[in-house]
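A.B. asks:
Numbering (this note's numbering), first residue to last: 198 to 347.
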């Protein structure tokens with residue numbers, strides 16, 4: 198049996214510096230510089246084929262955890278799960294408010310909180326937003342908000 202390790206992006210090999218640099222990002226120019234420095238290798242991250250994404254989507258059933266229905270989220274890259282979470286957390290919590298300063302970035306800011314979902318990129322699960330639930334029921338990481346659309 199062959200054991201394959203998930204791809205580890207550059208930023209994960211330098212986490213202390215990555216976290217320090219995150220603290221300095223305040224402007225759109227800062228954000229662009231940060232992305233250029235830390236995600237320069239994003240184009241090299243191995244991607245899942247359409248067949249792999251379809252198989253994941255079709256074989257992972259929704260499940261009830263702590264009274265909520267959690268569905269599967271299929272991400273396009275074949276990267277380490279911790280890296281996937283860190284990348285998505287940084288994009289969602291740091292990048293989006295800078296790139297879209299007039300946007301709504303959480304259900305608490307929205308007139309339509311029911312259109313938001315909470316997801317855990319590490320566990321690849323998602324559920325509709327529920328006030329008061331902030332952490333993944335599987336791994337305990339902070340759930341990220343995702344806009345469900347108009």
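Virtual Cβ for every residue (Gly too), placed ideally from N, Cα, C.
Since we're looking at a predicted model, the values are computed, not measured.
Thinking just about the alpha-carbon of each residue, which of 243, 341, 238 is nearest to the one in residue 302?
C.D. replies: For the residues 243, 341, 238, the minimum Cα distance to residue 302 belongs to 341.
A.B. asks: Look at residue 231 and residue 213 and say whether their C-beta atoms are less than 7 Å apart.
C.D. replies: no
A.B. asks: Tell me the start and end of each unbroken alpha helix (DSSP H) in the segment 293–338 that is at least 4 residues and wholly inside, in chain order.
C.D. replies: 293–296
A.B. asks: Which first and last residues belong to the beta strand (DSSP E) in which residue 244 is found?
C.D. replies: Where residue 244 is concerned, there is no enclosing beta strand (DSSP E), given that its DSSP letter is neither H nor E.
A.B. asks: In whole angstroms, give me the CA-to-CA distance for residue 319 and residue 327.
C.D. replies: C-alpha separation (whole angstroms): 19 Å.
A.B. asks: Are residue 351 and residue 235 touching if we call contact CB-CB under 7 Å?
C.D. replies: Shown here, the chain extends from 198 to 347; a query on residue 351 therefore has no answer.
A.B. asks: Note the first and the last residue of the continuous beta strand (DSSP E) segment covering residue 269.
C.D. replies: For residue 269, the enclosing beta strand (DSSP E) begins and ends at 265–269.
A.B. asks: In chain order, what residues of the same chain have a beta carbon less than 6 Å from the beta carbon of residue 295, not counting five sequence neighbours either side?
C.D. replies: 225, 228
A.B. asks: Measure from the alpha carbon of residue 261 to the alpha carbon of each residue in 332, 280, 343, 323, then state which is nearest.
C.D. replies: 323
A.B. asks: Look at the alpha carbon of residue 270 and the alpha carbon of residue 208, and state the distance between them as a whole number of angstroms.
C.D. replies: 23 Å
A.B. asks: Kindly indicate which three-state DSSP category residue 275 falls into: helix, strand or coil?
C.D. replies: coil
A.B. asks: Residue 264 to residue 273, Cα distance in whole Å?
C.D. replies: When rounded, the separation of the alpha-carbon atoms in residue 264 and residue 273 is 28 Å.
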